[in-house]
Amino acid sequence: MEPINMDYTASELMIVNAARLLRDGDSVFVGVGIPNLACNLARRTHAPNLLMIYEAGVIGARPARLPLSIGDPTLVSGATQVCGMFDIFSLYLQRGNVDVGFLGGAQIDRFGNINATVIGDYQHPKVRLPGSGGSMEIAAWANRCYIMTPHQKRRFPAKVDFCTSAGFLGGRAQREAAGIRGGGPQAVVTDLCILEPDETGELVVAALHPGATLEQAQANTGWELRPAREVKFTPPPTQEELRILREELDPQGIYR
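Numbering (this note's numbering), first residue to last: 26 to 281.
Here's what the structure looks like:
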């Protein structure tokens with residue numbers, strides 16, 4: 026076997042660090058793309074009892090290959106249960122039975138609110154985006170939410186142009202007053218760092234990736250980005266993590 030090249034892409038860096046956030050036994054609401062790779066990587070490493078839930082109605086999925094969509098037949102083989110989309114959202118998510126929801130979006134603001142609807146004014150947008158899908162409900166009811174996105178200034182405005190999915194709204198007290206039961210965003214994984222909410226709900230730099238600096242993170246953020254009281258440093262992806270990603274999960278590099 027040829028040795029694994031330890032150089033890694035920005036996507037691989039985000040996937041590995043998102044996977045490390047998952048705990049063994051977590052039930053995870055996951056879509057396709059890099060969140061799917063993060064979940065399958067975690068299941069093959071430190072979290073063998075991860076329960077993967079797909080929006081189309083598959084619980085306990087163990088896909089033999091990379092699924093092309095949330096309705097890909099490969100998700101059904103070996104799954105614990107196959108049901109309807111209504112059952113997934115009403116009987117599992119809204120009852121508090123989903124530990125983790127993976128989310129993404131075009132914009133994430135300082136309180137972890139997500140915009141996946143429009144860029145610019147809603148009535149006359151510069152860009153119209155796909156919209157919520159199930160992310161609005163996942164952001165509201167999952168016990169923990171993790172967001173994955175490249176760290177670019179246009180993606181991190183101080184306030185989103187449109188709030189598709191609620192983070193902490195204007196702060197933790199406002200989310201609580203709105204009656205949103207889920208725990209909200211617990212981490213935003215970028216290719217520079219990991220952001221986590223402070224006691225007010227504002228995102229701060231909790232950890233830096235290898236080679237990244239606070240100055241780089243600030244230069245790519247639209248508000249005054251503060252460091253946490255103790256900023257940690259993430260270890261680089263291991264040879265085994267990269268091997269699983271490249272040889273088992275995404276050998277064609279579709280999402281990596």
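All C-beta atoms in this analysis are idealised placements derived from N, C-alpha and C, irrespective of residue type, glycine included.
Checklist entry - How close, in whole Å, do the beta carbons of His149 and Ala242 come, if the pair is a contact with beta carbons under 8 angstroms? => result Within the sequence shown, numbered from 1, the residue matching residue 149 stands at position 124. Within the sequence shown, numbered from 1, the residue matching residue 242 stands at position 217. The beta carbons of His149 and Ala242 sit about 32 angstroms from each other, so the pair does not count as a contact at 8 angstroms.
Checklist entry - Hey, does Thr238 have any beta-carbon neighbour from chain B nearer than 7 angstroms? => result The structure shown contains no chain B, having only a single protein chain.
Item to check | Start and end residues, alpha helix (DSSP H) containing Val41 | outcome: On the sequence shown, position 16 is the one that residue 41 refers to. If you look at Val41, you'll find it in the alpha helix (DSSP H) that goes 35 to 46.
Item to check | Three-state secondary structure assigned by DSSP to Pro222 | outcome: Translated into the one-based positions of the sequence shown, residue 222 becomes position 197. Looking at Pro222 - three-state DSSP - the assignment turns out to be strand.
Item to check | Cα-Cα separation, Glu266 to Pro92 | outcome: One-based indexing of the sequence shown puts residue 266 at position 241. One-based indexing of the sequence shown puts residue 92 at position 67. Taking the straight line joining both Cα atoms gives about 20 angstroms.
Checklist entry - By Cβ distance below 6 angstroms, which residues in the same chain neighbour Glu249 in space, the five residues on each side in sequence not counted? => result As a working note, residue 249 is residue 224 in the sequence shown. Spatial neighbours of Glu249 in its own chain (CB-CB distance under 6 angstroms, excluding positions within 5 residues in sequence) are not present.
Item to check | Cut-off 7 angstroms between Cβ atoms - residues of its own chain near Leu46, not counting five sequence neighbours on either side | outcome: Translated into positions along the sequence shown, residue 46 becomes position 21. For Leu46, where only same-chain residues beyond five positions count, the Cβ hits under 7 angstroms are Tyr171, Ala212.
Checklist entry - Is Pro60 helix, strand or coil when you go by DSSP? => result For this step, residue 60 is matched to residue 35 along the sequence shown. Per DSSP, reduced to three states, the secondary structure at Pro60 is helical.
Checklist entry - Near Ser190, what residues of its chain come up, given a Cβ to Cβ distance below 6 angstroms and the 5 sequence neighbours on each side ignored? => result Along the sequence shown, one-based indexing puts residue 190 at 165. Excluding residues up to 5 positions away in sequence, Ile139, Ser160, Met161, Ala164 lie with their Cβ nearer than 6 angstroms to the Cβ of Ser190 in the same chain.
Item to check | Residue interval of the beta strand (DSSP E) (run including Arg200) | outcome: Here residue 200 refers to the residue found at position 175 of the sequence shown. From DSSP, Arg200 is part of no beta strand (DSSP E) but of the alpha helix (DSSP H) over 197 to 202.
Item to check | Residue span of the beta strand (DSSP E) that contains Leu128, given as start and end | outcome: The count along the sequence shown starts at 1 and reaches residue 128 at position 103. Taken as a continuous stretch (DSSP letters only), the beta strand (DSSP E) holding Leu128 covers 125 to 128.
Item to check | Extent of the continuous alpha helix (DSSP H) run through Gln243 | outcome: Indexing the sequence shown from 1 puts residue 243 at position 218. From DSSP, the alpha helix (DSSP H) with Gln243 extends over 239 to 244.
Checklist entry - Under the rule that 16 or more other beta-carbon atoms within 10 Å means buried, what is Glu37, buried or exposed? => result Within the sequence shown, residue 37 is the residue found at index 12, counting from 1. Buried is the call here.
Checklist entry - By a C-beta neighbour count over all protein chains shown, 10 Å radius and 16 as the cutoff for buried, is Thr215 buried or exposed? => result Sequence index remark: in the sequence shown, residue 215 carries index 190 (1-based). Counting other Cβ atoms within 10 Å of its Cβ, Thr215 reaches 16 or more and is therefore classed as buried.
Item to check | Supposed close pair Gly226, Gly196 - CB separation, criterion 8 angstroms | outcome: Taking the sequence shown and counting its residues from 1, the one referred to as residue 226 is at position 201. Taking the sequence shown and counting its residues from 1, the one referred to as residue 196 is at position 171. With a Cβ gap of about 5 angstroms, Gly226 and Gly196 count as contacting.
Next on the checklist: Just to confirm my understanding: we take Asp186, look at its own chain, exclude 5 residues before and 5 after, and list those with CB closer than 7 angstroms. What are they?
Outcome noted: Working through the sequence shown from its first residue, we reach residue 186 at position 161. The answer, listed in chain order, is Gln132, Asn140, Val143, Ile144, Gly145.
Checklist entry - Of the choices Ala231, Pro276, Thr70, whose alpha-carbon is the least far from that of Leu217? => result Sequence index remark: in the sequence shown, residue 217 carries index 192 (1-based). When each option's Cα is compared against that of Leu217, the closest is Ala231.
Item to check | Neighbourhood of Pro73 by C-beta distance below 7 angstroms, restricted to the same chain and skipping five residues each side | outcome: By one-based count along the sequence shown, residue 73 stands at place 48. Cβ-Cβ distances below 7 angstroms link Pro73 to Asp49 in the same chain, with the five nearest sequence neighbours on each side left out; the list follows chain order.
Next on the checklist: If you reduce the DSSP assignment to three classes, tell me which class Phe114 lands in.
Outcome noted: Within the sequence shown, residue 114 is the residue found at index 89, counting from 1. Here Phe114 sits in helix by DSSP.
Item to check | Alpha-carbon to alpha-carbon, Leu75 and Pro28 | outcome: The residue given as residue 28 occupies position 3 in the sequence shown. The residue given as residue 75 occupies position 50 in the sequence shown. With a pLDDT of 47 at Pro28, under the threshold of 50, the predicted position of this residue should be treated as unreliable, and no value is reported.
Item to check | Gly137, buried or exposed, once every other Cβ within 10 Å from all chains shown has been counted against 16 | outcome: Your numbering for residue 137 matches position 112 in the sequence shown. So Gly137 ends up on the buried side.
Checklist entry - With a CB to CB cut of under 6 angstroms and the five nearest residues on each side skipped, what residues in its chain are close to Gly121? => result On the sequence shown, residue 121 is found 96 positions in, with the first residue counted as 1. Answer for Gly121: no residue qualifies.
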